[in-house]
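Residues 10 to 303 (the working numbering) make up the sequence shown, in order. Glycine included, every Cβ here is placed at the ideal spot set by N, Cα and C. Contents: one structure, followed by commentary.
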Amino acid sequence: MTISPEQPVFRFAPSPNGLLHLGHALSAILNHDMAASANGRFLLRIEDIDRTRCRPELEQAIFDDLGWLGLSWQHPVRRQSEHLDLYTEILRRLRAMGVVYPSIMTRGEIRAAVAAAEAEGSAWPRDPDGTPLYPGRERDLSLGEQAALIAGDRPFAWRLDVAKAIDLVPRPLTWQEAGAGPAGETGQIPADPASWGDVILSRSDAPSSYHLSVVVDDALQGVTHVVRGRDLYHATSVHRLLQRLLDLPEPVYHHHRLILGPDGRKLSKSSKDTGIAAFRAAGKTPADIREMVL
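See below:
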């Protein structure tokens, strides 16, 4: 992995909405070991914006699991829930740039719009995860119409107008991949944020989405190397667009393989039989976990 001239900074950023599993162990160990081998810093960030699912006892379980694995990190730990005003201010900047708009369509309304279009023979575009792109009905509202929508009684989300955003940033838009993509891609990778459509940056019940908060936090914490699972490979396109819009530094990206369950799917926090705590209770050692994931 290419190391930049400044002191490298790596981070592991779990959400305390479930117990860590083997996939988390792989990511945490890789970040920790890469930081150590590069004489860099290893940070732990708690991504706890979703207060309905994140719980203090699950945060403590993260500390317990990582400590048992023999990993150490710098303090203080950054908790996203303690920086909500910052994300609101960043969103305000994007609104001033004219690259976000309020949207009110529910999941049901989106499904209905997609079904109607496909019933007429139109192929609806989908993002890299297979989700239909947002129809963008509110994209061209005037400022007055936007204000009226926001003042209404329907929940709304702020979405990035990807087409406008792309027009504002220098091109080519790429990222440096030190790991490998789904087909083994490495090196300088062309970013394609348009493939995601108008992604959500904030909702009425959450002041920041993953896309927005992760690029802000990585920049503020001086993260130079983002080491994460290959399931986030394509999302890097959105992150690079936001970094360009906000004039944030570009880290090196390293997407690692995913650990799959018996059904061939990536592990989830609901898979308690692959949880780190379950293996610990079954008598496994930290060395056993390393052997299982590395």
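Query	Result
Tell me whether ILE159 is buried or exposed, calling it buried when 16 or more other Cβ atoms sit within 10 Å of its Cβ.	exposed
Which ranges does the alpha helix (DSSP H) cover as unbroken runs of at least 4 residues, wholly within the stretch 77-150, from first to last along the chain?	93-105, 116-128
I need the DSSP call for ILE209, collapsed to helix, strand or coil.	strand
Have a look at ASP94 and LEU250 and give me their C-alpha separation to the nearest angstrom.	22 Å
If you drop the 5 nearest sequence neighbours on each side, which residues of the same chain put their C-beta closer than 6 Å to that of LEU182?	ALA200, ARG249
So, at 7 Å on beta carbons, what are the nonlocal neighbours of ALA174 in its own chain, with the 5 sequence-adjacent residues on each side left out?	VAL108, LEU250, LEU254
How is ALA296 classed by DSSP in three states: helix, strand or coil?	helix
Hey, quick one: how far does the alpha helix (DSSP H) through GLU154 stretch, first residue to last?	152-160
Report the rounded CA-to-CA distance for SER90 versus LEU257, giving the unit in angstroms.	21 Å
Please list, in chain order, all residues of the same chain as TYR143 whose beta carbon is under 6 Å from its beta carbon, the five residues on each side excluded.	GLY206, ASP207
Residues in the same chain with beta-carbon distance under 7 Å from ALA32, minus the five sequence neighbours each way, listed in chain order, please.	According to the sequence provided, residue 32 is Gly. The question's Ala does not apply to it. GLY238, LEU267, ILE268, LYS275, LEU276.
Which same chain residues end up closer than 8 Å to PRO14 when comparing Cβ atoms and leaving out the 5 residues on each side of it in sequence?	Note on PRO14: pLDDT 49, under 50, position unreliable in the model; the coordinate value appears next. Result list for PRO14: empty, nothing under 8 Å.
Assuming ASP57 contacts PRO25 (C-beta within less than 8 Å), just tell me the rounded distance between them.	6 Å
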